[in-house]
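*Asks:* Residue numbers (this note's numbering), protein chains in the order written: chain Y, 4 to 627; chain Z, 67 to 400; chain B, 281 to 563.
By construction, the Cβ of each residue, glycine as well, lies at the ideal position given by its N, Cα and C atoms.
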Amino acid sequence: MILGPFAAGVGLLCLRLDHPRRILVGAVTFAVCVCALALVGLPAPTGLAGFPLNHHWLDLLMALVEIGMGLYVLYVGVRARRPLIVALMLAQAGLMVWFEWTYGSKLQAAHNLFLDKFSVIMALINGVVGGGICLYALGYMREYHEVAHREVADRRPFFFALLFVFMGAMFGIIFANNLLWLFLFWEITTLCSFLLIGYTQTEEARQNSLKALVMNLAGGLAFALAIVWFYQKTGSIELQTLITSKKSLVLLPAALLCFAGITKSAQLPFSGWLLGAMVAPTPVSALLHSSTMVKAGVYLVLRLAPVVTGTTVGLMVALVGAVTFLVGSMAAITTSDAKKVLAWSTVANLGLIVLCGGIGTYSAVWAGVLLIIFHAVAKCLLFLCVGVVEQKLHSRDIEAMSGLILNMPRVAVMMLIGMAGMFLAPFGMLISKWAVLKAVVDAYPALSIFIVFGSSATLFFWVKWMGKLLEVVRPREQIDNRLGLGESVALYGLSTATFLACLFFPVISSSFIEPYILCVFGQSASMSHGNIIIMTIMMVMILLFPLSFINYGRGVRVTDAYLGGANVQSSVRFLGSQNEVQNVTMNNYYLRDFFNEAWLSRWGARSCAALLGIMLVLAFWTVL
Amino acid sequence: MLGFKESPWIIHYDASSCNGCDIETLACLTPIYDVERLGVINTGNPKHADIFLVTGAVNEQSKDVIRNIYHQLPEPKVVVSIGVCAASGGIFRECYNISGGVDSVIPVDVYVPGCAARPEAIIDGVVKAVGVLEEKHREMKAIANSLDQTLYLRADKSDAPEILALQKIAYQSEVELYGDNSLPALQQTLGDLEDDFERMPQREATVLGARGGQDGSAASSDRIIFLKAVVNGKIIGSVRGYAVDGIAHLSRLIVHPYFRRRGIGRRLLAEIERVFPQVSRFEAKTGHQSKRNLYQLAKGGYQTFKTEPFTPAITWVHLQKDQSQVPAETKGVK
Amino acid sequence: MNPWLRLILYLVAAPVVGGLLAGWDRRISARMQSRQGPPIFQPFYDVLKLWKKENIVVRRSQNFYILFFLLLVVFTGALFFAGSDLLLVIFALTLAAIFFVLGAYKASSPYSFIGAERELIQMMAYEPMILLTAIGMYMVTKSFAVHEIASHPTLLVLALPGVFLGFLYTLEIKFRKSPFDLSCSHHAHQELVRGMTTEFSGRTLAMIEIAHWYENVFLLGWVYLFFASSPALGVAASLLVFGFVILVDNVFARLKWQAALKSAWVVAAVLGFGNILVLSLLR
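1) Let me know the alpha helix (DSSP H) ranges lying completely inside the region 496-544 of chain B, each 4 residues or longer, listed in chain order.
2) Could you name the residues of chain B that H401 (chain Z) contacts, counting a contact when the two beta carbons are closer than 8 Å?
3) From this set, Y:F174, Y:L213, Y:Q270, which residue's C-alpha is nearest A83 (chain Y)'s C-alpha?
4) Would you say E90 (chain Z) reaches chain B, if we count a Cβ-Cβ gap shorter than 8 Å as a contact?
5) Going by other Cβ atoms of all chains shown within 10 Å of its Cβ, with 16 needed for buried, is C359 (chain Y) buried or exposed?
6) So which residues of chain A does Y324 (chain Z) contact, with C-beta pairs closer than 8 Å?
7) Check whether the Cβ atoms of I135 (chain Z) and P112 (chain Z) lie closer than 8 Å to each other.
8) Since G361 (chain Y) contacts V330 (chain Y) with CB under 8 Å, what's their CB separation in whole angstroms?
9) Whose CA, out of Z:S212, Z:F292, Z:L139, lies closest to the CA of K17 (chain Z)?
10) Taking all protein chains shown into account, decide if G616 (chain Y) is buried (16 or more other Cβ within 10 angstroms of its Cβ) or exposed.
11) According to the neighbour-count rule (16 or more other Cβ atoms, all chains shown, within 10 Å of its Cβ), is N85 (chain Z) buried or exposed?
12) Could you work out which residues of chain Y lie near P131 (chain Z), taking near to mean beta carbons separated by less than 7 Å?
13) Give a yes or no on whether the C-beta atoms belonging to A123 (chain Z) and F70 (chain Z) are separated by under 8 Å.
14) With distances taken from CA atoms, which of Z:L95, Z:Q127, Z:L217 is nearest A81 (chain Z)?
15) Would you check if there are 3 or more beta carbon pairs closer than 8 Å linking the region 387-396 of chain B to the region 315-329 of chain B?
16) May I have the straight-line CA-CA distance separating S458 (chain B) from G105 (chain Z), to the nearest angstrom?
17) If you draw a straight line from the alpha carbon of H78 (chain Z) to that of L119 (chain Z), how long is it in whole angstroms?
18) Considering Cα atoms alone, identify which of Y:L77, Y:V253, Y:V391, Y:M541 is closest to G238 (chain Y).
19) Here's a check: name, in chain order, each residue in its chain whose Cβ is nearer than 6 Å to the Cβ of S274 (chain Y), leaving out the five neighbours to either side.
20) Do three or more CB pairs link the region 426-445 of chain Y to the region 366-374 of chain B at distances below 8 Å?
21) Is the distance from the Cβ of L505 (chain B) to the Cβ of L436 (chain B) below 8 Å?
22) Does the CB of P48 (chain Y) have a neighbour CB from chain Z at under 8 Å?
23) Here's a check: name, in chain order, each residue in its chain whose Cβ is nearer than 8 Å to the Cβ of R333 (chain Z), leaving out the five neighbours to either side.
24) If you scan the region 485-544 of chain Y from start to end, which runs of the alpha helix (DSSP H) of 4 or more residues do you find wholly inside it?
25) Roughly how many whole angstroms lie between the Cα atoms of A367 (chain Y) and V231 (chain Y)?
26) Starting from G303 (chain Z), follow the beta strand (DSSP E) in both directions and report where the run begins and ends.
27) Any beta carbon of chain B sitting closer than 8 Å to that of A271 (chain Z)?
28) Span of the alpha helix (DSSP H) holding N211 (chain Z)?
29) Return the chain-ordered ranges of every alpha helix (DSSP H) run that is complete within the region 339-367 of chain Z and spans a minimum of 4 residues.
30) Is T244 (chain Y) helix, strand or coil when you go by DSSP?
31) Please list, in chain order, all residues of the same chain as A3 (chain Y) whose beta carbon is under 6 Å from its beta carbon, the five residues on each side excluded.
32) Identify whether G166 (chain Z) lies in helix, strand or coil by the three-state DSSP scheme.
33) With a threshold of 7 Å on Cβ separation, who are the neighbours of V525 (chain B) within its own chain once the five nearest residues in sequence on each side are excluded?
34) Which residue wins for smallest C-alpha separation from F393 (chain B), given the options Y:V475, Y:R609, Y:G431?
35) Alpha carbon to alpha carbon, what distance is there between M487 (chain B) and I370 (chain B)?
36) Quick one: which residues of the region 483-517 of chain B get their C-beta closer than 7 Å to a C-beta of chain Z? List them in chain order.
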């Protein structure tokens with residue numbers, strides 16, 4: 004599964020024509036999904052299944068790839084005159100080279116890859132959601148280059164190749180047990196992210212991609228340090244060993260790995276790169292920066308949860324997540340750029356997952372895994388819809404989406420489903436948030452203040468947006484509503500997935516998540532039977548809502564809105580004070596005097612940097 | 067039964083009053099008169115109100131506003147004009163900018179005299195208005211309950227006042243659409259309408275000269291035929307048509323706003339078509355923005371063939387339909 | 281008492297009780313203003329009258345949101361009185377309120393739009409506190425389930441004084457009384473006509489009113505929960521709180537939304553969170 008997408012990527016690099024590319028993408032996506040689903044039925048449901056793959060040539064290949072990447076990054080850093088990049092890369096590379104040189108032959112892992120239920124879930128997400136995005140990208144990029152952004156060089160083969168290379172790397176991260184392998188794939192995703200953000204090759208894109216590179220390299224350095232230290236202490240380079248080792252022994256590597264995860268998931272103070280990444284085309288935003296790549300970071304943190312639970316290091320990690328959640332939610336209120344809202348919301352939700360990882364109790368991790376699943380699906384759906392809307396309306400501003408329910412009904416409905424999926428009962432995110440609250444209250448009640456204030460802020464900006472889509476103040480415009488095949492498949496598929504994930508969440512929970520938690524912690528959390536029934540009832544009630552439209556318009560008289568009696572022939576035009584006809588305009592509240600985005604991110608970044616500093620100091624302390 | 071008497075909600079509008087009557091109206095809400103104990107709430111919103119209190123005489127600016135607010139009041143509704151200015155223009159009656167009392171714009175049900183009207187009189191007026199409200203509601207309910215017993219009959223001259231009142235109410239929605247109350251339907255007076263029952267349509271008479279129209283024994287095609295939809299003795303819909311030269315011209319298809327969307331208009335159209343079996347073509351016209359009418363006519367098989375600007379705001383759209391498309395039916399209108 | 285019995289009792293009795301409470305509210309307010317005031321059953325007359333009125337709309341789909349608002353409010357109260365998870369009850373209430381707000385947005389009129397935005401700000405203002413209330417109750421009784429909280433032997437308010445006071449503050453918002461009747465006040469029609477309810481009439485308006493009755497009964501039930509171990513005290517406290525809310529309504533003028541949001545959050549942070557912090561340190 005890892006190699007398949009890689010091969011596809013290479014193949015795509017060669018294809019310049021659209022049609023064969025579509026066939027290849029479609030075929031590979033389908034194959035990936037099938038494989039992911041097949042994993043579900045694998046005969047080792049609860050334990051680890053190790054695959055010893057000790058081929059010498061594989062190690063050599065990996066070393067070569069690493070060196071190649073390192074050199075490329077150095078080249079980029081030098082050309083962009085960013086000493087920080089050069090320094091970080093040199094430090095990282097130097098460390099790894101020394102490490103492998105010194106211990107070369109002894110660096111063997113019993114199991115290089117492994118599989119458990121958590122991996123299966125991640126694989127499903129990566130395969131299905133990621134695959135959906137690739138399909139979507141087919142139609143989207145064609146429109147992008149041929150119509151909307153003619154000025155951007157058409158490097159589509161490169162683009163799609165990168166998408167698939169990235170997918171392969173993600174699978175690598177998910178399945179790797181050998182920390183060196185994990186590191187390699189981690190770095191590949193960093194590089195892919197850098198290349199994809201800079202795809203449009205504008206000045207802004209370049210700056211943002213370099214920012215992403217710097218931050219992720221910092222994480223990579225921490226990763227490298229972690230590996231070295233771990234090996235020094237225990238003589239092993241396996242992830243599972245790390246997880247099951249004695250805490251006092253491995254706290255430092257765990258802390259460093261959490262640091263790496265935090266940079267990759269764009270928590271404060273590293274959120275800048277995610278927000279800046281919105282300049283890239285939508286499939287990039289969706290794939291890398293909401294559904295899959297950033298999930299790699301939180302995946303790592305959740306994996307390490309058994310190690311950090313109950314320690315101050317864990318508390319620091321949890322605090323970083325909590326502060327990020329609060330700041331992200333509040334900052335999202337102030338902006339009217341749709342993609343920025345989604346970016347901040349992503350940062351905030353990842354903060355919640357990091358919070359779960361930091362707390363590390365079985366109920367917290369259960370909540371965290373649920374959050375990963377539901378967030379991936381819903382956020383991806385939203386990003387894809389916003390991409391379509393942006394193409395049709397030529398604007399990313401939420402205010403421009405007024406009345407979308409009339410102009411682009413299907414897309415608007417899917418957006419509403421996505422948004423409901425992000426915060427509304429009985430959809431998945433709500434279930435997860437509920438679980439988080441319960442976990443937090445049991446472990447560190449003081450952290451609940453962050454969640455409580457943050458979740459009320461999320462309510463505001465989502466409903467504001469939903470209302471904007473519903474209100475109708477302009478006559479219907481004719482917009483070319485047609486969606487390409489790939490886009491339709493992705494969008495409809497994700498909407499159904501959002502619904503199904505909620506409806507079948509008890510099944511998902513009991514067959515995937517709970518066994519994993521049981522395995523790791525010895526006990527598991529779940530939702531009580533009664534509550535499941537209630538959730539189902541609520542879901543049914545919501546599903547009834549569209550049915551109420553059957554009796555649409557019967558027995559009612561349509562009049563105009565009340566404009567103080569000054570209506571001029573409609574609900575939206577009125578006679579103003581100078582006796583001239585004026586239009587009604589309604590813009591949302593952005594509360595910018597109340598929540599200042601710059602102030603929030605500055606202070607959030609400072610406090611989180613301080614927290615991370617404390618965390619690292621404490622971790623070092625334990626080994627002294 | 068419990069109803070409007072216990073909970074009359076008002077909306078109060080000042081057309082061009084000196085505020086004397088307004089102050090007295092609002093004084094009713096104060097502790098001395100405390101009209102809330104009767105259940106009255108002064109809502110600022112026509113959609114929540116039952117009773118429309120208007121003070122002051124009507125000038126150009128307030129005409130549209132009054133009509134706007136009136137149209138946004140849900141049925142059943144009553145209008146109370148407070149003070150002598152609202153009743154007839156008062157001492158400002160002769161002024162160049164005043165077109166009269168409130169009843170020059172909308173139908174008024176209760177007049178409260180006075181300058182300024184005293185709170186006791188206002189409360190008395192509101193109580194009377196509540197009585198009218200209950201009346202109206204009873205009527206509407208009775209009609210709504212017996213809609214299946216709607217009779218479609220020929221109308222005659224004695225129905226003219228009722229048809230005219232219905233016309234003015236029904237065309238309110240068109241005025242809303244076009245913002246223009248110079249529609250001929252609204253300008254028609256009772257005398258005009260009664261004449262319509264007697265004679266041939268004006269235009270055709272002059273074109274044809276002396277031919278036809280005078281001998282009362284001529285077939286129904288020589289006169290304007292009026293049909294009415296009647297429920298419980300109340301006319302809730304009407305249509306008229308006349309035939310000239312093998313073409314039947316249909317017009318003024320009106321249904322009371324409260325009973326729309328129940329198939330009455332469609333039925334009236336079908337019935338009037340059946341009155342003219344001998345013509346080859348039917349013609350109708352409506353305003354270009356009257357989407358509802360256009361839709362109904364299209365559903366009845368009509369197609370647009372001509373547009374004709376009438377005023378800057380209104381463009382007539384002429385539609386036609388061939389006789390052959392009229393479904394043959396055995397029952398006709400007596 | 282059997283949860284099913286409680287549920288049915290709620291479904292049937294809550295509108296009656298809620299309507300009577302609304303009637304008493306108007307009468308007491310009138311007496312405070314040296315007026316007579318309407319009869320106690322006035323809200324019922326109002327609803328019956330509204331039921332008979334014509335239904336006029338601006339957008340044809342706007343009324344469906346209100347129908348679901350009503351259904352979900354009833355569902356919320358039913359959940360609460362049947363004794364299920366308190367957090368779930370809060371989330372269901374949020375869902376109901378969102379349907380109301382979406383309906384106001386759908387009506388596409390400036391007044392209902394402003395009402396909707398302000399309602400969202402109000403929701404943002406009270407949500408932290410009610411979540412902290414649930415958390416506080418959990419910390420004392422070790423359970424989120426309402427029936428377990430209700431059968432807790434000690435008087436909750438003694439362990440949760442800060443939370444209780446904060447909750448009272450939020451009740452002022454939830455009951456839509458001055459100083460927080462920002463979004464669809466009965467008295468604000470000089471400022472925003474009827475706010476969120478501007479474009480609803482007839483049966484839909486009646487449904488909104490009935491939904492508010494159900495909601496008020498549910499909220500007073502939650503107040504009762506603070507005193508659950510002694511039922512007589514609980515009922516008395518609920519009624520007293522209701523009277524207190526009316527008093528504050530008549531004494532204060534409406535605040536601007538900035539002040540409402542700020543003060544509610546400060547109260548939630550200081551009183552609510554402070555209480556919880558103390559409890560967690562004492563554990």
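*Replies:* Taking the definition as stated:
1) Those alpha helix (DSSP H) runs which fall completely within the region 496-544 of chain B and span 4+ residues are 511-531.
2) There is simply no residue 401 (chain Z) to check, as chain Z begins at 67 and stops at 400 in what is shown.
3) The residue labelled residue 83 (chain Y) in the question sits at position 80 within the first sequence. A83 (chain Y) has its Cα closest to that of Y:L213, out of Y:F174, Y:L213, Y:Q270.
4) Numbered from 1 along the second sequence, position 24 holds the residue referred to as residue 90 (chain Z). No, because no Cβ of chain B sits closer than 8 Å to the Cβ of E90 (chain Z).
5) Position 356 of the first sequence, counted from the start, is the residue given in the question as residue 359 (chain Y). So C359 (chain Y) ends up on the buried side.
6) Among the protein chains of the structure shown, namely Y, Z and B, there is no chain A.
7) Taking the second sequence and counting its residues from 1, the one referred to as residue 135 (chain Z) is at position 69. Taking the second sequence and counting its residues from 1, the one referred to as residue 112 (chain Z) is at position 46. Going by C-beta atoms, I135 (chain Z) is nearer than 8 Å to P112 (chain Z).
8) Here residue 361 (chain Y) refers to the residue found at position 358 of the first sequence. Here residue 330 (chain Y) refers to the residue found at position 327 of the first sequence. Wrong, their Cβ atoms sit about 16 Å apart, outside the cutoff.
9) Residue 17 (chain Z) cannot be examined here, being either before or after the span of chain Z that is shown, 67 to 400.
10) Start at 1 with the first residue of the first sequence, and residue 616 (chain Y) comes out as number 613. So G616 (chain Y) ends up on the exposed side.
11) Walking along the second sequence from the start, residue 85 (chain Z) turns up at place 19. Exposed: under 16 other Cβ atoms inside 10 Å.
12) For this step, residue 131 (chain Z) is matched to residue 65 along the second sequence. Here the sequence assigns Val to residue 131 (chain Z), which means Pro is not the residue at that position. For V131 (chain Z), the chain Y residues whose C-beta falls within less than 7 Å of its own C-beta are G568, A569, listed in chain order.
13) By 1-based counting over the second sequence, the position of residue 123 (chain Z) is 57. By 1-based counting over the second sequence, the position of residue 70 (chain Z) is 4. Contact flag unset, no.
14) Mapped onto the second sequence, residue 81 (chain Z) falls at position 15. For the residues Z:L95, Z:Q127, Z:L217, the minimum Cα distance to A81 (chain Z) belongs to Z:Q127.
15) In the pairwise beta carbon analysis, the region 387-396 of chain B is classified as not touching the region 315-329 of chain B: fewer than three pairs are separated by under 8 Å.
16) As a working note, residue 458 (chain B) is residue 178 in the third sequence. As a working note, residue 105 (chain Z) is residue 39 in the second sequence. Between S458 (chain B) and G105 (chain Z), the alpha-carbon positions lie close to 22 Å from each other.
17) Position 12 of the second sequence holds residue 78 (chain Z). Position 53 of the second sequence holds residue 119 (chain Z). Here the alpha carbons of L119 (chain Z) and H78 (chain Z) stand approximately 5 Å from one another.
18) Within the first sequence, residue 238 (chain Y) is the residue found at index 235, counting from 1. Closest option to G238 (chain Y), judged by alpha-carbon separation, among Y:L77, Y:V253, Y:V391, Y:M541: Y:V253.
19) As a working mapping, residue 274 (chain Y) is identified with position 271 in the first sequence. Non-local beta-carbon contacts of S274 (chain Y) in its own chain, meaning distances under 6 Å to residues more than five positions away in sequence, involve V350 in chain order.
20) Touching, yes, given that three or more Cβ pairs across the two stretches are closer than 8 Å.
21) The count along the third sequence starts at 1 and reaches residue 505 (chain B) at position 225. The count along the third sequence starts at 1 and reaches residue 436 (chain B) at position 156. Going by C-beta atoms, L505 (chain B) is nearer than 8 Å to L436 (chain B).
22) Against the first sequence, residue 48 (chain Y) aligns to sequence position 45. At P48 (chain Y), the pLDDT of 42 sits below 50, so the modelled position is not reliable; the number obtained from the coordinates is stated separately. No, because no Cβ of chain Z sits closer than 8 Å to the Cβ of P48 (chain Y).
23) Taking the second sequence and counting its residues from 1, the one referred to as residue 333 (chain Z) is at position 267. These residues qualify, in order along the chain: T216, Y218, A295.
24) Runs found: 488-506, 508-511, 517-524.
25) Mapped onto the first sequence, residue 367 (chain Y) falls at position 364. Mapped onto the first sequence, residue 231 (chain Y) falls at position 228. One C-alpha to the other measures close to 29 Å.
26) Translated into positions along the second sequence, residue 303 (chain Z) becomes position 237. The continuous beta strand (DSSP E) containing G303 (chain Z) extends over residues 300-310.
27) The residue you call residue 271 (chain Z) lines up with position 205 of the second sequence. Note that A271 (chain Z) has pLDDT 39, beneath the 50 cutoff, so the model's placement of it is unreliable and no number is given.
28) Translated into positions along the second sequence, residue 211 (chain Z) becomes position 145. Counted as a single uninterrupted DSSP element, the alpha helix (DSSP H) harbouring N211 (chain Z) occupies residues 185-211.
29) Taking only runs of at least 4 residues, the alpha helix (DSSP H) segments lying wholly in the region 339-367 of chain Z are 357-365.
30) As a first step, residue 244 (chain Y) is located in the first sequence; it is residue number 241 there, counting from the start. Secondary structure of T244 (chain Y) (DSSP, three-state): helix.
31) Lying outside 4 to 627, the shown extent of chain Y, residue 3 (chain Y) is not represented and no answer is given.
32) For this step, residue 166 (chain Z) is matched to residue 100 along the second sequence. Correct three-state label for G166 (chain Z): strand.
33) Position 245 of the third sequence, counted from the start, is the residue given in the question as residue 525 (chain B). Within the same chain, V525 (chain B) has close Cβ partners L451, E452, F455, K457.
34) Residue 393 (chain B) sits at position 113 when you count from the first residue of the third sequence. It is Y:V475.
35) The count along the third sequence starts at 1 and reaches residue 370 (chain B) at position 90. The count along the third sequence starts at 1 and reaches residue 487 (chain B) at position 207. Cα to Cα, I370 (chain B) sits roughly 21 Å from M487 (chain B).
36) Flagged, chain order: L485.
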